[in-house]
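Just so we're aligned, residue 329 is where the sequence shown starts under the numbering used here, counting upward by one.
For each residue, glycine too, the CB sits at the ideal point set by N, CA and C.
Note that the structure is a prediction, hence the values are computed from the model and not measured.
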Amino acid sequence: MNLPSSLPACGDSRPASRSPARTLVFRGHQLLVDFTGAPTAGPSAWRAGLAALRTLDFPVPTGEAWTVVEVERAIEAPGGHAFQHLKSLLDTLAEDRLALAARALELLEFDRAHRFCGACGAPTTPRTDPPARRCSAPDCGREHFPRVSPVVIVAVERGVEILLGRSPHFPPGLYSTLAGFVDAGESAEQAVHREIFEETGLRIRLPRYFSSQAWPFPHALMLGYQAEYAGGDIVCAPGEIEDARFFHVDALPPLFPIRYAMANQLLHDFCRRHGRPWPPAQATPAAT
């Protein structure tokens with residue numbers, strides 16, 4: 329995903345003033361879309377009556393100025409429109425609109441979470457170049473920048489088998505590749521080894537980078553890796569992994585239901601390299 333290269337000024341709560349084509353409206357993690365499922369600002373009369381929680385302006389590489397508006401949870405969508413959770417749109421939005429929506433949602437989260445300085449507690453004010461919020465206290469003045477949290481997600485392979493696990497929070501029967509946040513002071517590759525060992529007790533070798541993607545729930549950067557099984561028996565981490573096992577490429581369980589998700593991209597590549605169709609018929613995604 330190619331995201332816009334610059335961030336908006338944060339912290340305004342005025343009504344949106346851009347044309348509908350250049351405005352995104354969020355209600356929490358839900359994006360306003362029209363009857364075709366495309367992002368929309370909604371009718372101008374409806375927008376004019378909104379009391380926005382926050383309004384942020386941001387440019388995109390083409391030079392267009394965009395606005396993202398966050399509305400209260402009680403706001404109802406105008407006729408011919410609906411609020412849909414961004415996760416439900418990941419497989420259907422055009423790449424440029426998905427990148428735009430992901431960026432906007434992360435910036436809303438940044439603005440919401442940094443109204444006050446984390447060092448001294450004083451109010452912060454927006455900066456635009458570079459994008460940040462600056463502490464207003466004269467004896468502090470600390471600058472806070474949008475947070476990105478790196479997460480490694482790993483496809484551990486053993487020949488024609490792949491390691492999959494399930495969290496206690498997953499829908500019944502659903503499995504996915506294993507993932508975890510990169511810890512302070514470690515590289516992504518070190519995190520790959522640590523997470524697999526901590527969650528399953530297995531050792532791996534030859535971790536190799538696959539791809540990355542933004543995951544704006546609320547501010548993760550998913551770093552996809554592939555690795556080979558090197559030894560050990562599976563011992564699931566209590567409270568984190570309910571079950572983990574190696575699945576044959578011809579006997580995959582129900583998988584994470586979002587095709588866009590890095591877990592499914594890793595599984596797609598695994599099946600492709602073993603000459604199997606995607607998605608496999610026996611691995612019907614579980615309902616969300």
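Contact test: residue i Cβ vs the ligand SAH heavy atom, cutoff 8 Å
{"i": "His596", "result": "Absent from the structure shown: the ligand SAH. Ligands present: none."}
Proximity to residue i [Cα-Cα], best of the options
{"i": "Pro454", "options": "Ala366, Val397 and Gly469", "result": "Gly469"}
{"i": "Ala579", "options": "Leu491, Pro566, Cys463 and Phe386", "result": "Leu491"}
{"i": "Ala548", "options": "Arg536, Gly508 and Leu534", "result": "Gly508"}
{"i": "Gly559", "options": "Ala565, Ile586 and Leu530", "result": "Leu530"}
{"i": "Ser515", "options": "Glu556, Pro466 and Tyr537", "result": "Tyr537"}
{"i": "Ala460", "options": "Gly449, Asn592, Cys445 and Asp467", "result": "Cys445"}
{"i": "Met550", "options": "Pro535, Leu583 and Met590", "result": "Met590"}
{"i": "Phe545", "options": "Ala402, Ala432, Ala393 and Ala422", "result": "Ala432"}
{"i": "Ala465", "options": "Pro478, Ala450, Glu471 and Val476", "result": "Ala450"}
{"i": "Ser495", "options": "Leu428, Gly513, Ala565 and Phe525", "result": "Ala565"}
{"i": "Phe438", "options": "Glu392, Ser477 and Val388", "result": "Ser477"}
Separation of residue j from residue i, as counted between CA atoms
{"i": "Thr420", "j": "Gly365", "result": "8 Å"}
{"i": "Gln412", "j": "Ala441", "result": "23 Å"}
{"i": "Ile562", "j": "Thr528", "result": "5 Å"}
{"i": "Tyr588", "j": "Thr452", "result": "36 Å"}
{"i": "Phe473", "j": "Leu435", "result": "10 Å"}
{"i": "Pro581", "j": "Gly567", "result": "21 Å"}
{"i": "Gly501", "j": "Gly356", "result": "29 Å"}
{"i": "Ala373", "j": "Val397", "result": "15 Å"}
{"i": "Cys463", "j": "Asp571", "result": "46 Å"}
{"i": "Pro406", "j": "Val353", "result": "12 Å"}
{"i": "Gly408", "j": "Phe363", "result": "6 Å"}
{"i": "Arg600", "j": "Ser539", "result": "16 Å"}
{"i": "Gln554", "j": "Asp467", "result": "48 Å"}
{"i": "Asp424", "j": "Leu418", "result": "12 Å"}
{"i": "Leu594", "j": "Tyr557", "result": "16 Å"}
{"i": "His521", "j": "Val482", "result": "9 Å"}
{"i": "Ala447", "j": "His596", "result": "44 Å"}
{"i": "Thr505", "j": "Gly493", "result": "6 Å"}
{"i": "Gln541", "j": "Ile586", "result": "13 Å"}
{"i": "Ala614", "j": "Phe598", "result": "Its pLDDT being 44, under 50, Ala614 is placed unreliably by the model, and the measurement read from it follows with that caveat. Taking the straight line from one Cα to the other gives about 20 Å."}
{"i": "Leu583", "j": "Asn592", "result": "8 Å"}
{"i": "Arg308", "j": "Val488", "result": "Any property of residue 308 remains undetermined from this structure, which presents the chain solely from 329 to 616."}
{"i": "Glu517", "j": "Ile569", "result": "21 Å"}
{"i": "Val388", "j": "Ala422", "result": "16 Å"}
Residue i, buried or exposed, once every other Cβ within 10 Å from all chains shown has been counted against 16
{"i": "Glu485", "result": "buried"}
{"i": "His497", "result": "exposed"}
{"i": "Gly603", "result": "exposed"}
{"i": "Tyr503", "result": "buried"}
{"i": "Leu426", "result": "buried"}
{"i": "Gly370", "result": "buried"}
{"i": "Pro336", "result": "Any reading at Pro336 is ruled out, since the residue's pLDDT is 35, under 50, leaving its predicted position unreliable."}
{"i": "Glu523", "result": "buried"}
{"i": "Ala344", "result": "Note that Ala344 scores a pLDDT of 46, beneath 50, so its modelled location is shaky; the value from the coordinates is reported in the next line. Ala344 is buried by the Cβ-count criterion."}
{"i": "Arg382", "result": "buried"}
{"i": "Thr390", "result": "exposed"}
{"i": "Trp543", "result": "buried"}
{"i": "His576", "result": "exposed"}
{"i": "Val510", "result": "buried"}
{"i": "Trp606", "result": "exposed"}
{"i": "Pro535", "result": "buried"}
{"i": "Arg401", "result": "exposed"}
Beta-carbon separation (whole angstroms), residue i vs residue j, contact threshold 8 Å
{"i": "Val480", "j": "Ala430", "result": "So it is not a contact: roughly 19 Å between Cβ atoms."}
{"i": "Leu414", "j": "Val399", "result": "At roughly 15 Å, the Cβ-Cβ gap does not stay under 8 Å, so Leu414 and Val399 are not in contact."}
{"i": "Thr368", "j": "Thr395", "result": "Contact flag wrong, Cβ pair sits at about 13 Å."}
Query - Length-filtered (3 minimum) beta strand (DSSP E) runs lying within the stretch 543-595 - result: Correct list: 548-559 and 571-576.
Report task. Would you mind listing the beta strand (DSSP E) stretches within the stretch 359-445 that are 3+ residues and don't spill past its ends, in chain order? Result -> Here the runs fully enclosed are 382-387, 393-398 and 409-413.
Requested in this report: Can you check the stretch 457-513 for any beta strand (DSSP E) of at least 3 residues that lies completely inside it and give the ranges in chain order?
Outcome: Complete beta strand (DSSP E) runs here, min 3: 459-463, 477-486, 489-494 and 506-509.
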